[in-house]
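Everything on this sheet refers to the single structure shown next.
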Amino acid sequence: MRVSHTAVIERNGRFDTHFATEPYEAGWAGEARWFLRVASATGMWVVQTEISPDGHHWCPHGEAVRFDAPGLYTVGVTQFGGWLRLAAHPEQGEAHLHAQVYLTLKE
Amino acid sequence: MTIELARYNPLRRVLSYDDFDRGVNGWCELCGNHDGDLDTVRPSFGDLRPPQLSTVPFFDIGSHGAMTGTYALKLATRPRAGHTACLIKRLTLADEALVQFETYFAAKPEARQGNGVYADRGWDGNEDPSEYDLGAFTLSNDIGRFDGSRYHCALRYQNTSVDGRLVQGWYYKTSLQPTTKMQLVGQIPNGDFHTLSDDDWQPVPGGQGPLCFNEVPTKVNWHYLRWQVDTKAGRNVELQVNDRVMDLRDIDVPVYPHPYTGLRGLFNLLLDVRTHRDVRNFLFLDSCVISADW
């Protein structure tokens, strides 16, 4: 039986500027997938997976996702090492984001 | 007895042996009650962070590993003073009887990196300034008796006070855990979710003294812990942490003045860690055993 797990990394989160989610250890997982359930968004937002060797220092990994409206957005991640987080920023100007961030992991 | 259980002292019926090389074993994030709208979750219950399966890694040595095997269960706070991470395991009572929780654990603050990052306290090569970065961790339960009454036992290792002094001892709580029902009639807590106030903790007799911190935040030494509760009497019985055995039988446990519906035979176990500085705090569990004498 393959181990799998769903973590709510941000629950009912509200943001108006750039942010990164808390570092999350996922070295046991062979694949990961972010889901962003966006309840409301103003402005164009860009979210990007980041990976790290130590949970302190981060670099981008994989494709970025852009959105400017409510909806469900997703991106898959592989070959990520031991740590994952999601970084997000508004492309320009005033923006607001109300979203739930899920990380689903599978062995 | 299997070799895995040989390092534990369970009561006669083992309810669960949670080896975190095999997943989170039912230790899930605690989230407060709501009516379907997450805006109705009380703030103190809104962001208690998901479990992590951890190789106990550090920037200087890489993965530490668990006491046995590769993975430990990790609770991690945000790097924000006053933030708490909490996991819960939800069971029910097959009888009102003795129940015991055992684990091998380690509690550490996140390491700071760089030249002079601990300059606020200095470093003499013995007492490590990072020891002041570890706040507190707490064992607690939530029990619904067969007659409908409800209580929580809570035992906290307070490493530092909320204002940052080194305290290093075990404490028990003296007030009820604020409920949604209590807050709806105007009782607003000023502490974390356990008590009405951060002042509502008293020292456990014989519970004062440090754990083995081991000098720096990137060394992990596993501690044995055994906590026994008598769910028939509604009392703590005993807490053992390595060589220290604390008799808890005379400690008062606050009971709600009215019954709660839907909780008959509830038996929840909770673990949490709280930071008192803008530094992440971690609680690691190698494994744990829950046993009962029914």
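Line order of the protein sequences matches chains G and B. Counting from 1, one number per residue, gives the positions in the first sequence under my numbering. Counting from 1001, one number per residue, gives the positions in the second sequence under my numbering. Think of the CB as a built atom: it goes at the ideal place given N, C-alpha and C, for glycine as much as any other residue.
- If you draw a straight line from the Cα of B/T1231 to the Cα of B/L1098, it comes to about 6 angstroms.
- By the Cβ test, the region 1267-1286 of chain B is in contact with the region 1081-1090 of chain B, since at least three Cβ pairs between them sit closer than 8 angstroms.
- With 16 or more other Cβ atoms from the protein chains shown falling within 10 Å of its own Cβ, B/D1133 counts as buried.
- Residues of chain B whose Cβ lies closer than 8 angstroms to the Cβ of G/V3 are, in chain order, R1022, G1023.
- Any Cβ of chain B closer than 8 angstroms to the Cβ of G/I9 would place that residue at the interface, and such an atom is present.
- With contact defined as three or more Cβ pairs closer than 8 angstroms, the region 48-60 of chain G and the region 3-17 of chain G are not in contact.
- By DSSP's assignment, G/F15 forms a beta bridge with G/L97.
- For G/E22, at least one C-beta of chain B is nearer than 8 angstroms to its own C-beta.
- In the three-state DSSP reduction, B/S1130 falls in the helix class (H, G or I).
- Taking a 10 Å sphere around the C-beta of G/G13, we find 16 or more other C-beta atoms and assign the residue as buried.
- Around the C-beta of G/H18, fewer than 16 other C-beta atoms lie within 10 Å, and the residue is accordingly described as exposed.
- At a Cβ-Cβ threshold of 8 angstroms, B/E1029 and B/R1049 count as neighbours.
- Between the alpha carbons of B/F1058 and G/P23 lies a distance of about 13 angstroms.
- Within the same chain, P1178, L1196 come within 6 angstroms of B/P1189 by CB-CB distance, once the 5 residues on both sides are set aside.
- Think of a sphere of 8 angstroms around the beta carbon of B/L1015: no beta carbon from chain G falls inside it, the nearest being about 21 angstroms out.
- Just measuring C-alpha positions, the residue of B/W1170, B/E1004, B/Q1052 sitting nearest B/G1069 is B/E1004.
- Think of a sphere of 8 angstroms around the beta carbon of B/D1192: no beta carbon from chain G falls inside it, the nearest being about 18 angstroms out.
- Interface residue (Cβ-Cβ distance to chain B less than 8 angstroms): G/W28 is classified as such.
- For B/T1180, no beta strand (DSSP E) run applies; the uninterrupted alpha helix (DSSP H) run containing it begins and ends at 1180-1184, by DSSP.
- Check the Cα spacing between B/P1051 and each of B/W1027, B/R1244, B/F1045, B/N1033: the tightest is with B/W1027.
- Nearest C-alpha to B/N1221 among B/G1234, B/G1265, B/Y1171, B/Y1104: B/Y1104.
- In the DSSP assignment, B/L1196 falls outside any beta strand (DSSP E) and carries neither an H nor an E.
- Setting aside the 5 residues that flank it on each side, B/W1227 is surrounded in the same chain by F1101, L1139, L1239, each with a C-beta closer than 6 angstroms to its C-beta; the list follows chain order.
- What B/L1271 touches in chain G, judged by beta-carbon distance under 7 angstroms, is nothing: the nearest beta carbon there is about 17 angstroms away.
- The closest CA to that of B/I1061, considering only B/K1074, B/T1218, B/V1185, is found on B/T1218.
- At a cut-off of 8 angstroms between beta-carbon atoms, G/D54 makes contact with chain B.
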